[in-house]
Amino acid sequence: MASTNDLKNGLVLKLEGGQLWSVVEFQHVKPGKGPAFVRTKLKNVLSGKIVDKTFNAGVKVETATVDKRDMQFSYMDGDYFVFMDMETYEQLHVDRKVVGDAANFLIEGFEATVAQYEGEVLFVELPAAVELVVKETEPGVQGDRSTGGTKPATLETGYQINVPLFITTGEKIKVDTRSSDYLGRVNG
Numbered sequence: 001m002a003s004t005n006d007l008k009n010g011l012v013l014k015l016e017g018g019q020l021w022s023v024v025e026f027q028h029v030k031p032g033k034g035p036a037f038v039r040t041k042l043k044n045v046l047s048g049k050i051v052d053k054t055f056n057a058g059v060k061v062e063t064a065t066v067d068k069r070d071m072q073f074s075y076m077d078g079d080y081f082v083f084m085d086m087e088t089y090e091q092l093h094v095d096r097k098v099v100g101d102a103a104n105f106l107i108e109g110f111e112a113t114v115a116q117y118e119g120e121v122l123f124v125e126l127p128a129a130v131e132l133v134v135k136e137t138e139p140g141v142q143g144d145r146s147t148g149g150t151k152p153a154t155l156e157t158g159y160q161i162n163v164p165l166f167i168t169t170g171e172k173i174k175v176d177t178r179s180s181d182y183l184g185r186v187n188g
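Counted from 1, the sequence shown has number 31 at position 31 by UniProt numbering; the numbering is strictly sequential.
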């Protein structure tokens, strides 16, 4: 248990029938009249839904101890992604549904944060940006600006994003894992 005065970003609360909510942002408000309160933005850990919730200041809220560990993606086993704990070398099988959109950017050897609660994997979180090789893209046509200067490219994971016309097959690029946006070339 914690008080609303102890809230911080990333803290996971157990609310409404055992649902897990992560604190995205919070603000302590002391109005001129009436009692102080805490305005929060909470994200449902499983569904990703974001809600605004207000608590009276000093109210007790139940916290959930979520175990977040950095793990390395090893290989696919059917519909399961196999991650290895870098400290214990234990392997963890994570269902494709739990991995979600992170699957678009995972290749063997990549590290990710795997969050577990009471032995159940809640989510897999990637770094904000990853470096991937462009497996296939059409050559850019000089003077073609009808697509706003971008063209589709298939990454080594099989996922397709839009890249600038000057990017060629085999180049390594940086990609934003949250928005799927091209961020730039990787030199070397």
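Note that beta-carbon positions come from the ideal geometry of N, C-alpha and C, so glycine has one too. Owing to the predicted nature of the structure, the values given are computational and were not obtained by experimental measurement.
- Listed in chain order, the non-local C-beta contacts of residue 41 below 7 angstroms within the same chain comprise 24, 25, 50 and 52, local neighbours out to five positions each way being set aside.
- Residues 60, 61, 62 and 63 of the same chain have their beta carbon placed closer than 8 angstroms to that of residue 1, with the five preceding and five following residues left out of the count.
- Approximately 6 angstroms separates the beta-carbon atoms of residue 150 and residue 163; this is inside 8 angstroms, confirming the contact.
- Scanning the segment 60 to 115 from its first residue to its last, the whole alpha helix (DSSP H) runs of 4-plus residues come out as 96 to 99.
- Rounded to whole angstroms, the gap between the alpha carbons of residue 138 and residue 54 is 51 angstroms.
- Fully enclosed beta strand (DSSP E) runs of no fewer than 3 residues occupy 150 to 155, 160 to 164, 172 to 176 and 182 to 185 of the UniProt domain "Elongation factor P C-terminal" (130 to 185), in order along the chain.
- Annotation for residue 20: the continuous beta strand (DSSP E) segment containing it runs 19 to 29.
- Distance from the Cα of residue 19 is smallest, within the candidate group 3, 87, 9 and 48, for 48.
- Taken atom to atom, the span from the alpha-carbon of residue 165 to that of residue 127 is near 26 angstroms.
- Where residue 43 is concerned, the enclosing beta strand (DSSP E) starts and stops at 37 to 44.
- Residue environment: residue 161 is assigned as buried (16 or more neighbouring CB atoms within 10 Å of its CB, all protein chains considered).
- The alpha-carbon separation between residue 155 and residue 43 amounts to approximately 30 angstroms.
- Counting C-beta pairs closer than 8 angstroms gives three or more between the segment 113 to 124 and the segment 93 to 102, which meets the contact rule.
- By the C-beta density criterion, residue 22 is buried, having at least 16 other C-beta atoms within 10 angstroms.
- The Cβ atoms of residue 76 and residue 86 lie no closer than 8 angstroms to each other.
- Excluding the 5 residues flanking it on each side, residue 183 has same chain C-beta neighbours closer than 8 angstroms at 129, 173, 174, 175 and 176, in chain order.
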